[in-house]
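Enquirer: Numbering (numbering that gives the first Met the number 0), first residue to last: 0 to 330. We put the beta carbon where it would ideally sit given N, CA and C, even for glycine.
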Amino acid sequence: MRVLVTGGAGYIGSVIVEELVGAGHTPVIYDSLVKGHTSALLPGVLVVRGDVRDTGRLVQVLREQQIEAVIHMAALIEVGLSVTNPDRFFENNVAGSMSVLRAMLDTGIKKLVFSSTAALYGDPVTLPITEEAPLQPNNPYGDSKLMVERILGWSAEPHGLTCTALRYFNAAGATERNGEMHEPETHLIPLVLQAAAEDRPVTIFGTDYPTPDGTTIRDYIHVADLAQAHLLALGRTEPGMRVYNVGNGNGYSVRQVVETARAVTGRALPVDEQPRRPGDQVATVASSERIRAELGWQPRFPDLHAIIESAWNWRQRHPHGYANMTGIDEG
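Put into structure tokens, the structure is as follows:
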């Protein structure tokens, strides 16, 4: 299958491309390259520079490359930035997704896998979170993803689309080739490992949450397991919209992440405690029973130690991130 991956030069997108190639598919990357890295991608994979809000450009690429399905990853993801600049998030995440949908309709492409998020659950009443839990995002980032899910839900049936929304929990870890490197970095595990590599304290935002140790709790999923879920979603054939949580079902606090990183790295990792940040959820832990039962998904890295170890190993092999890795040409 020829698959367009928007945002395919990013952290999760580049690992999805690895999985697609390994499974015999032909990915084509569509990315603005504002945040992504062409050096993260395998040689021979076509990268097209473009903005997802440019519908005409998308239509041209979909036709010229004879695309059969789309994995839509391109989005702004920083929760804190969404609180201070909500207009940017709705313009990029909602208008960009509408542009992708319009381009698909104009070219007759019927299959879409959408990168959604656990952030649209807000602070859940019960854990683990099922797909039927109330949708009550407490930040503009989560709300932008919920808007797109609703648009796809209304659009799928009348247009005969097969739409799958994957509600990510916290992607982490690395493959042999690709790891996590954002600028600026906002995710906990790479921040902790940066601190370990530089022998400096780890900053914890909020130690007075209603959790056993006062810090927020998250469900971490290895990026390769998350990528595999996208390939399984491509196999869906029934028209309509379907949503799936993608998480391990285990919750770990910020303090537990720091303690596990100490064990993996052998570094002291002192802690610098700071007040809460706006928009952070207290606890998110997934029920992934639906995707296991319906798509046969099984995580290969269900353990936090293995996830952090893979990320640390990648950092040790690539201390300068993607700076010294061989890139590929843009098409």
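So what does DSSP say about D142, is it helix, strand or coil?
Expert: Indexing the sequence shown from 1 puts residue 142 at position 143. Helix.
Enquirer: Which runs of the beta strand (DSSP E) at least 3 residues long sit entirely within the stretch 74-140? Give them in chain order.
Expert: The stretch 74-140 contains these whole beta strand (DSSP E) runs: 110-116.
Enquirer: If I'm right that V242 touches E90 with Cβ under 8 Å, what's the distance once you round it to whole angstroms?
Expert: Position 243 of the sequence shown, counting from 1, holds the residue named residue 242. Position 91 of the sequence shown, counting from 1, holds the residue named residue 90. Rounded, the Cβ-Cβ distance is 24 Å, inconsistent with contact.
Enquirer: Are V222 and I11 closer than 7 Å when you measure CB to CB?
Expert: Counting from one through the sequence shown, the residue named residue 222 turns up at place 223. Counting from one through the sequence shown, the residue named residue 11 turns up at place 12. Yes, the Cβ-Cβ distance between V222 and I11 is below 7 Å.
Enquirer: Run through DSSP, which three-state label would Y321 get?
Expert: The residue labelled residue 321 in the question sits at position 322 within the sequence shown. Coil.
Enquirer: Taking 8 Å as the threshold, find out whether the stretch 211-227 comes into contact with the stretch 11-21 through three or more Cβ pairs.
Expert: With the cut-off at 8 Å, the stretch 211-227 and the stretch 11-21 touch.
Enquirer: Near Y251, which residues of its chain fall below 7 Å by C-beta distance, leaving aside the five closest residues on each side in sequence?
Expert: Position 252 of the sequence shown, counted from the start, is the residue given in the question as residue 251. Only I216, R217, Y219, L303 meet the Cβ criterion.
Enquirer: Rounded to a whole number of angstroms, what is the C-alpha to C-alpha distance between V305 and K110?
Expert: Numbered from 1 along the sequence shown, position 306 holds the residue referred to as residue 305. Numbered from 1 along the sequence shown, position 111 holds the residue referred to as residue 110. Here the sequence assigns Ala to residue 305, which means Val is not the residue at that position. Answer to the nearest angstrom: the Cα atoms are 33 Å apart.
Enquirer: If E272 sits next to T206, beta carbons under 8 Å apart, how far is it from one beta carbon to the other, in whole angstroms?
Expert: Counted from its first residue, the sequence shown places residue 272 at position 273. Counted from its first residue, the sequence shown places residue 206 at position 207. About 5 Å separates the two Cβ atoms, so the contact holds.
Enquirer: CB-CB under 7 Å to G330, same chain, minus the five flanking residues each way: which ones, in chain order?
Expert: In the sequence shown, counting from the first residue as 1, residue 330 sits at position 331. Caution applies to G330, whose pLDDT of 41 falls short of 50 and renders its modelled position unreliable; the value that the coordinates give is listed next. Contacts found: L45, V46, V47.
Enquirer: My output table needs one value for Q193: the three-state DSSP class, helix, strand or coil.
Expert: As a position in the sequence shown, residue 193 is number 194, starting the count at 1. Reduced to three states, the DSSP call for Q193 is helix.
Enquirer: Whose C-alpha, out of V112, A94, V82, S38, is nearest the C-alpha of V69?
Expert: Residue numbering aside, residue 69 sits at position 70 when the sequence shown is read from its first letter. Ranking V112, A94, V82, S38 by Cα distance to V69 puts V112 first.
Enquirer: Evaluate R299 with the Cβ neighbour count: other Cβ atoms within 10 Å of its Cβ, from every protein chain shown; 16 or more gives buried, anything less gives exposed.
Expert: Taking the first residue of the sequence shown as position 1, residue 299 is located at position 300. R299 comes out exposed.
Enquirer: Alpha carbon to alpha carbon, how far is S115 from R266?
Expert: Reading the sequence shown from its first residue, position 116 is the one you call residue 115. Reading the sequence shown from its first residue, position 267 is the one you call residue 266. Going by the C-alpha atoms only, they are around 35 Å apart.
Enquirer: Across which residues does DSSP place L3 in a beta bridge pair?
Expert: The sequence position of residue 3 within the sequence shown is 4, counting from 1. Answer is V27, V69, bridged to L3.
Enquirer: Let me know the beta strand (DSSP E) ranges lying completely inside the stretch 246-317, each 3 residues or longer, listed in chain order.
Expert: The stretch 246-317 contains these whole beta strand (DSSP E) runs: 250-252, 270-273.
Enquirer: Could you tell me the alpha carbon to alpha carbon distance between L57 and V51, rounded to whole angstroms?
Expert: For this step, residue 57 is matched to residue 58 along the sequence shown. For this step, residue 51 is matched to residue 52 along the sequence shown. Cα-Cα distance, rounded: 7 Å.
Enquirer: Can you tell me where the beta strand (DSSP E) with E217 in it begins and where it stops?
Expert: Within the sequence shown, residue 217 is the residue found at index 218, counting from 1. First, the amino acid is wrong: residue 217 is Arg here, not Glu. R217 -> beta strand (DSSP E) spans 216-221.
Enquirer: Can you check whether the CB of V245 is closer than 7 Å to the CB of L165?
Expert: Locating residue 165 in the sequence shown gives position 166, where the first residue counts as 1. Locating residue 245 in the sequence shown gives position 246, where the first residue counts as 1. Yes. Within cutoff.
Enquirer: What does a CB cutoff of less than 6 Å around A64 pick up in its chain, not counting 5 residues either side in sequence?
Expert: Taking the sequence shown and counting its residues from 1, one reaches residue 64 at position 65. Note on residue identity: the sequence assigns Gln, not Ala, to residue 64. For Q64, where only same-chain residues beyond five positions count, the Cβ hits under 6 Å are V27.
Enquirer: Quick check: what's the CA-CA separation for N312 versus G23?
Expert: The residue given as residue 312 occupies position 313 in the sequence shown. The residue given as residue 23 occupies position 24 in the sequence shown. So the two alpha carbons sit approximately 27 Å from each other.
Enquirer: Measure the C-alpha to C-alpha separation of Y140 and L119 and round it to an integer number of angstroms.
Expert: Locating residue 140 in the sequence shown gives position 141, counting from the first residue. Locating residue 119 in the sequence shown gives position 120, counting from the first residue. Their Cα atoms are separated by approximately 8 Å.
Enquirer: Measure the C-alpha to C-alpha separation of C162 and T174 and round it to an integer number of angstroms.
Expert: Sequence index remark: in the sequence shown, residue 162 carries index 163 (1-based). Sequence index remark: in the sequence shown, residue 174 carries index 175 (1-based). Whole-angstrom Cα-Cα distance: 27 Å.
Enquirer: Measuring straight from C-alpha to C-alpha, what distance separates D359 and I203?
Expert: Residue 359 lies beyond the stretch modelled for the chain, which goes from 0 to 330, so this question has no answer here.
Enquirer: Going by other Cβ atoms of all chains shown within 10 Å of its Cβ, with 16 needed for buried, is T325 buried or exposed?
Expert: As a position in the sequence shown, residue 325 is number 326, starting the count at 1. In this prediction, T325 scores a pLDDT of 47, lower than 50, which makes its location untrustworthy; no coordinate-derived value is stated.
Enquirer: So is V33 buried or exposed if we call it buried at 16+ other beta carbons inside 10 Å?
Expert: Here residue 33 corresponds to residue number 34 of the sequence shown, with the count starting at 1. Result: exposed.
Enquirer: CA-CA distance, S287 and N247?
Expert: Looking up residue 287 in the sequence shown gives position 288. Looking up residue 247 in the sequence shown gives position 248. Those two C-alpha atoms are separated by around 7 Å.
Enquirer: Using the three-state DSSP reduction, which class does Y167 fall into: helix, strand or coil?
Expert: The residue labelled residue 167 in the question sits at position 168 within the sequence shown. Y167: strand per DSSP, three-state reduction.
Enquirer: Return the CA-CA distance between R316 and S309, expressed in angstroms with no decimal places.
Expert: Here residue 316 corresponds to residue number 317 of the sequence shown, with the count starting at 1. Here residue 309 corresponds to residue number 310 of the sequence shown, with the count starting at 1. Rounded to the nearest angstrom, the two C-alpha atoms are 11 Å apart.
Enquirer: Out of curiosity, what's the CA-to-CA distance linking D86 and R291?
Expert: Residue 86 sits at position 87 when you count from the first residue of the sequence shown. Residue 291 sits at position 292 when you count from the first residue of the sequence shown. Between D86 and R291, the C-alpha separation is close to 36 Å.
Enquirer: Once you ignore the five residues that flank L192 on each side, which residues in its own chain have a CB closer than 8 Å to its CB?
Expert: Position 193 of the sequence shown, counted from the start, is the residue given in the question as residue 192. For L192, where only same-chain residues beyond five positions count, the Cβ hits under 8 Å are A260, T264, I307, A310, W311, R314.
Enquirer: Looking at the secondary structure, which residues open and close the alpha helix (DSSP H) in which V14 lies?
Expert: For this step, residue 14 is matched to residue 15 along the sequence shown. V14 -> alpha helix (DSSP H) spans 10-21.
Enquirer: Which two residues bound the contiguous beta strand (DSSP E) that contains V44?
Expert: Against the sequence shown, residue 44 aligns to sequence position 45. Element bounds for V44: n/a, residue is neither H nor E.
Enquirer: Would the beta-carbon of R149 fall within 7 Å of that of E67?
Expert: Position 150 of the sequence shown, counted from the start, is the residue given in the question as residue 149. Position 68 of the sequence shown, counted from the start, is the residue given in the question as residue 67. No, Cβ-Cβ distance for R149 and E67 is not below 7 Å.
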